[in-house]
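K.L.:
Dropping the structure in here first, questions after.
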Amino acid sequence: MGVLVGLLLGSGLACVWWACWPGPARRPTNPWADHVRDTLAQAGVTGVGPGALVPAALVGAVVVGAVALVAVPVPAVAAVAAGFGACLPWALLRGRARRRAARLRASWPQAVDDLASAVRAGMSLPEAVAALAERGPADLRAPFAAFAADYRASGRFGDALDALKDRLADPVADRIVEALRLTRDVGGSDLGRLLRTLSGFLREDLATRGELAARASWTVNAARLAVAAPWAVLAMLGSRPEAAAAYDTPAGLLVLLAGAGCSAAAYALMLRVGRLPDDPRVLR
46 MGVLVGLLLG SGLACVWWAC WPGPARRPTN PWADHVRDTL AQAGVTGVGP
96 GALVPAALVG AVVVGAVALV AVPVPAVAAV AAGFGACLPW ALLRGRARRR
146 AARLRASWPQ AVDDLASAVR AGMSLPEAVA ALAERGPADL RAPFAAFAAD
196 YRASGRFGDA LDALKDRLAD PVADRIVEAL RLTRDVGGSD LGRLLRTLSG
246 FLREDLATRG ELAARASWTV NAARLAVAAP WAVLAMLGSR PEAAAAYDTP
296 AGLLVLLAGA GCSAAAYALM LRVGRLPDDP RVLR
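For the sequence shown, the positions run 46 to 329 when our numbering is used.
Structure, rendered in structure tokens:
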């Protein structure tokens, strides 16, 4: 009895001592850096990090500002154009990411059907996932080929799935990967039914998104034209010396800055109102 009491006392003192020291430090998260990494992955840009956008923004500002200064020899106009040029790399990256995400969204139902067919045919999970590199949709073959290479090199299914999630940065891929991981770890016979149900949901979501995007496309394009029209008029007016001299004053600079602020705010509001909601990545 005394030995048992001593063991319990020692265990309690060890727990108290352990609680007095901080645990392992967690890696600090940066939401903006995570968002940039996801955007780079969705755009298919590899080998660069979020820090690469800073020199790209500087180059865009210098190039666009120099072109504007040559076309309209007014420093205020060139400065405003340089501000727009600094945002150009991010805008191009976001546009490429949205277009690629739309293609992947249209490809996922077929990929899920192929995966369900492979599982129903008796293939193992790693073989079924790796087979999408050859029989899957064209837009998804490269990431799954990289998964097959990772799995052949390491033999660790979980690590290869984590790398696949990072490459795709897609909420649908996150759900599929976690379903495969759970099935691999605990087993079960409902994976085929789960994949078929997910394929049906994806097709319904794709049809709904297509209908909404078709209805909103003309409104979004009209809003973009309304934002770009004043600056096109400014570029034409700047070719006249008297108009350029009018903007080369403190009052002209104030007008340009106010117009740039209104255009940026209106464009951001247009994007927020006209954009369809995206699924968050809750299963990173």
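Using N, Cα and C, we set each Cβ at its ideal position, and we do this for glycine too.
For clarity, every value in this text was computed on a predicted model and none was experimentally measured.
Whole angstroms are fine: how far does the CA of TRP135 sit from the CA of GLY68?
P.N.:
Reliability fails at GLY68, whose pLDDT of 46 lies under 50, so the model's placement of it is uncertain and no value is given.
K.L.:
Rounded to whole angstroms, what is the Cα-Cα separation between LEU170 and SER162?
P.N.:
Whole-angstrom Cα-Cα distance: 11 Å.
K.L.:
If I measure Cβ to Cβ from ARG71 and keep anything under 8 Å in the same chain, skipping five residues before and after, which residues do I get?
P.N.:
Note that ARG71 scores 44 on pLDDT, short of 50, meaning its location in the model is unreliable; the coordinates nonetheless yield the value given after this. Closer than 8 Å at the Cβ level, and outside the excluded window around ARG71, lies no residue.
K.L.:
CB-CB under 7 Å to PRO95, same chain, minus the five flanking residues each way: which ones, in chain order?
P.N.:
Correct list, in chain order: ALA78, VAL81 and ARG82.
K.L.:
Residues in its own chain within less than 7 Å of LEU206 by CB, not counting five upstream and five downstream?
P.N.:
Counting only Cβ-Cβ distances below 7 Å, and skipping sequence neighbours, we find VAL222, LEU225 and ARG226.
K.L.:
CB PHE189 to CB ALA208, shorter than 8 Å?
P.N.:
No, they are not a contact pair.
K.L.:
So PRO182 packs on ALA156, CB below 8 Å; how close in whole Å?
P.N.:
PRO182 to ALA156, Cβ: 6 Å. Contact.
K.L.:
Tell me whether the beta-carbon of ALA127 lies closer than 8 Å to the beta-carbon of VAL109.
P.N.:
Cβ atoms of ALA127 and VAL109: closer than 8 Å.
K.L.:
Are the stretch 279 to 292 and the stretch 112 to 125 in contact at 8 Å, needing three or more beta carbon pairs?
P.N.:
Enough Cβ pairs lie closer than 8 Å, so yes.
K.L.:
Is the Cβ-Cβ distance between SER244 and ASP158 less than 8 Å?
P.N.:
Yes. Within cutoff.
K.L.:
What does a CB cutoff of less than 7 Å around SER56 pick up in its chain, not counting 5 residues either side in sequence?
P.N.:
Answer for SER56: no residue qualifies.
K.L.:
Indicate the three-state DSSP secondary structure (helix, strand or coil) for PRO118 in the structure shown.
P.N.:
Reduced to three states, the DSSP call for PRO118 is coil.
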